[in-house]
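Worksheet: one structure, shown below.
Chains as they are written, first to last, in the numbering used here: chain A, 1 to 100; chain B, 1 to 222.
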């Protein structure tokens with residue numbers, strides 16, 4: 001299989017998966033609808049776990065852990081900007097303290 | 001009235017400011033992808049892949065598998081499995097998107113974890129947020145790939161970019177948790193995902209999405 005055909009098929013698969021539930025399939029109802037309604041917060045929490053373990057040193061990367069903790073503390077503000085700022089500031093502070 | 005408008009403008013400004021680190025982080029990973037991919041599939045296919053696929057998970061996997069000698073069919077099977085993560089995100093966005101089929105089909109192009117999250121958590125129009133965040137993220141990914149292919153040097157930016165995504169998802173979880181049961185489920189999904197990844201690192205995002213869906217099953221509290 002040529003690289004161009006492979007890329008084209010990968011693009012078709014990826015876009016189809018994006019458009020399927022966003023645009024084509026009917027909105028979920030019944031039990032599935034209940035799950036979808038409840039899903040956002042747990043879903044992003046699960047993705048945070050994935051992103052945390054994906055970082056270079058995984059969950060032993062102290063500055064990254066500090067960033068997550070700083071962000072968690074700032075969640076009380078319910079401001080995207082402040083949560084991001086608190087996370088990045090905690091990362092910088094922990095990096096400075098641990099000499100990373 | 002004026003103070004309400006001022007508060008709305010301030011909120012919009014802060015939302016726009018929140019987009020900056022996310023877009024920069026996507027650009028940094030674009031540079032890393034461009035540098036890695038050009039050595040495996042060549043400079044032009046690396047750039048074209050970012051133009052037509054626009055999925056870091058799929059593209060990094062594609063390049064990694066090809067580098068290890070996997071067949072084209074094996075690569076496509078992995079791309080298809082990774083693409084399954086878009087199904088719940090699309091289903092979450094569907095009721096929030098305005099416009100007809102063509103408008104939703106167009107916006108679907110910009111569906112990635114980060115843009116979907118920003119759109120769902122947005123206090124304003126999810127359609128507009130998806131479009132704006134998507135366009136900037138797409139441009140950052142493509143420009144980053146081009147710079148990577150050209151051999152750009154990132155210095156320490158890679159480690160800084162790595163921290164943006166976990167923090168962003170914590171923020172998105174917080175902003176989409178609207179009740180105490182939401183908060184309980186979010187903590188349960190995060191903790192269970194960490195345990196899952198500790199024992200089965202290959203479970204990845206798809207496995208953790210299944211965990212998140214499991215804690216949302218009807219019959220459980222909330």
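Positions of the beta carbon are idealized from the N, C-alpha and C atoms, including for glycine.
In whole angstroms, what separates the C-alpha of residue i from that of residue j?
i             : j             : result
residue 200/B : residue 53/A  : 12 Å
residue 179/B : residue 28/B  : 35 Å
residue 11/A  : residue 164/B : 26 Å
residue 25/A  : residue 192/B : 30 Å
residue 1/B   : residue 110/B : Unreliable positioning characterises residue 1/B in this predicted model, as indicated by a pLDDT of 48, which lies under 50. The coordinate reading is nonetheless provided below. Looking at the two C-alpha atoms, the distance is approximately 34 Å.
residue 23/B  : residue 205/B : 20 Å
residue 59/B  : residue 19/A  : 19 Å
residue 135/B : residue 127/B : 12 Å
residue 80/A  : residue 21/B  : 11 Å
residue 143/B : residue 31/B  : 8 Å
residue 1/A   : residue 16/A  : 21 Å
residue 92/A  : residue 63/A  : 7 Å
residue 72/A  : residue 3/A   : 43 Å
residue 84/B  : residue 51/B  : 20 Å
residue 19/B  : residue 170/B : 15 Å
residue 80/B  : residue 97/A  : 43 Å
residue 211/B : residue 189/B : 6 Å
residue 34/A  : residue 87/B  : 16 Å
residue 184/B : residue 27/A  : 26 Å
residue 84/A  : residue 168/B : 6 Å
residue 99/B  : residue 40/B  : 41 Å
residue 124/B : residue 29/A  : 24 Å
residue 105/B : residue 54/B  : 15 Å
residue 153/B : residue 147/B : 9 Å
residue 6/A   : residue 213/B : 32 Å
residue 61/A  : residue 155/B : 19 Å
Check whether chain A comes within 7 Å of residue i, counting only Cβ atoms and requiring the distance to be less than that.
i             : result
residue 58/B  : yes
residue 1/B   : Below a pLDDT of 50, predicted positions are generally treated as unreliable, and residue 1/B, at 48, falls in that range; the measurement from the model is reported next regardless. Residue 1/B does not count as touching chain A.
residue 128/B : no
residue 115/B : no
residue 185/B : yes
residue 216/B : yes
residue 32/B  : no
residue 172/B : yes
residue 44/B  : no
residue 205/B : yes
residue 120/B : yes
residue 55/B  : yes
residue 101/B : yes
residue 16/B  : no
residue 182/B : yes
residue 131/B : no
residue 20/B  : no
residue 92/B  : yes
Looking at residue i: is its Cβ nearer than 7 Å to the Cβ of residue j?
i             : j             : result
residue 139/B : residue 23/A  : no
residue 90/A  : residue 67/A  : yes
residue 104/A : residue 216/B : Only positions 1 to 100 of chain A appear in this structure, which leaves residue 104/A out of reach.
residue 149/B : residue 34/B  : yes
residue 202/B : residue 47/A  : no
residue 48/B  : residue 62/B  : no
residue 107/B : residue 73/B  : no
residue 57/B  : residue 46/B  : no
residue 36/A  : residue 91/B  : yes
residue 116/B : residue 89/B  : yes
residue 76/A  : residue 218/B : no
residue 82/A  : residue 74/A  : yes
What is the C-beta distance between residue i and residue j, in whole angstroms, given that I count them as a contact (C-beta under 8 Å)?
i             : j             : result
residue 119/B : residue 93/B  : 6 Å
residue 86/A  : residue 197/B : Contact doesn't hold; Cβ gap of about 24 Å is too wide.
residue 26/B  : residue 122/B : Not really, about 18 Å apart at Cβ, beyond 8 Å.
residue 42/A  : residue 186/B : 5 Å
residue 51/A  : residue 95/B  : Incorrect: roughly 26 Å between the Cβ atoms, too far for contact.
residue 116/A : residue 82/B  : As shown, chain A starts at 1 and ends at 100. That puts residue 116/A outside it, with no answer to give.
Can you find a C-beta in chain B that's less than 7 Å from the C-beta of residue i?
i            : result
residue 87/A : yes
residue 6/A  : yes
residue 43/A : yes
residue 48/A : yes
residue 39/A : yes
residue 64/A : yes
residue 98/A : no
residue 34/A : yes
residue 68/A : yes
residue 93/A : no
Stretch-stretch touch, CB-based, cutoff 8 Å, three pairs: the segment 61-81 of chain B with the segment 172-186 of chain B: Inter-segment contact for the segment 61-81 of chain B and the segment 172-186 of chain B is absent: fewer than three beta-carbon pairs are separated by less than 8 Å.
Within 8 Å of chain E by C-beta, residues of the segment 142-154 of chain B in sequence order: The structure shown contains no chain E; its protein chains are A and B.
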